[in-house]
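> Submitted below is the structure of interest, expressed as structure tokens.
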Amino acid sequence: MAQILRVPATTFSRSFARYQDEALSEKIIEVTSHGRVIGGYLSASELEHYKSLKRREREVLIVGELDEDTISDIENAQYGVAPK
């Protein structure tokens, strides 16, 4: 897992090149303002890891909130057959 470095926003903005280099060495830079995290800067490898995790996320659907078209699609779905 990557190291996390916490930096105030003013320091991050004034020394961006330094923190860009820090991120290259597998670090995550948490940018803070008044003690709370307001953003972050990731190394390229950590960004790829984040993207792969996002691709694996699934949407949660609540059955009682589905519209009739979606219910019909589910009822008529066939295992192993690609949707049209």
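First residue of the sequence shown? That's 20 in my numbering, and the numbers climb one at a time after it. Backbone N, C-alpha and C define an ideal beta-carbon position, used for all residues, glycine too.
Starting from L85 and walking both ways along the alpha helix (DSSP H), at which residues does that stretch end?
Taken as a continuous stretch (DSSP letters only), L85 belongs to no alpha helix (DSSP H), as it is neither H nor E.
> Beta-carbon separation of Y38 and I48 under 8 Å?
In contact: Y38 and I48 (Cβ atoms closer than 8 Å).
> Measure from the C-beta of D86 to each C-beta in chain B and report whether the shortest distance is under 8 Å.
The structure shown contains no chain B; it is built from a single protein chain.
> Following the continuous beta strand (DSSP E) through Q22, name the residue where it begins and the one where it ends.
From DSSP, the beta strand (DSSP E) with Q22 extends over 22–27.
> Going by DSSP in three states, R55 sits in which element: helix, strand or coil?
Correct three-state label for R55: strand.
> Once you ignore the five residues that flank G58 on each side, which residues in its own chain have a CB closer than 6 Å to its CB?
So the qualifying residues of the chain are V50.
> With the cut-off set at 8 Å, would you say E45 and A21 are in Cβ contact?
For E45 and A21, yes; Cβs fall inside 8 Å.
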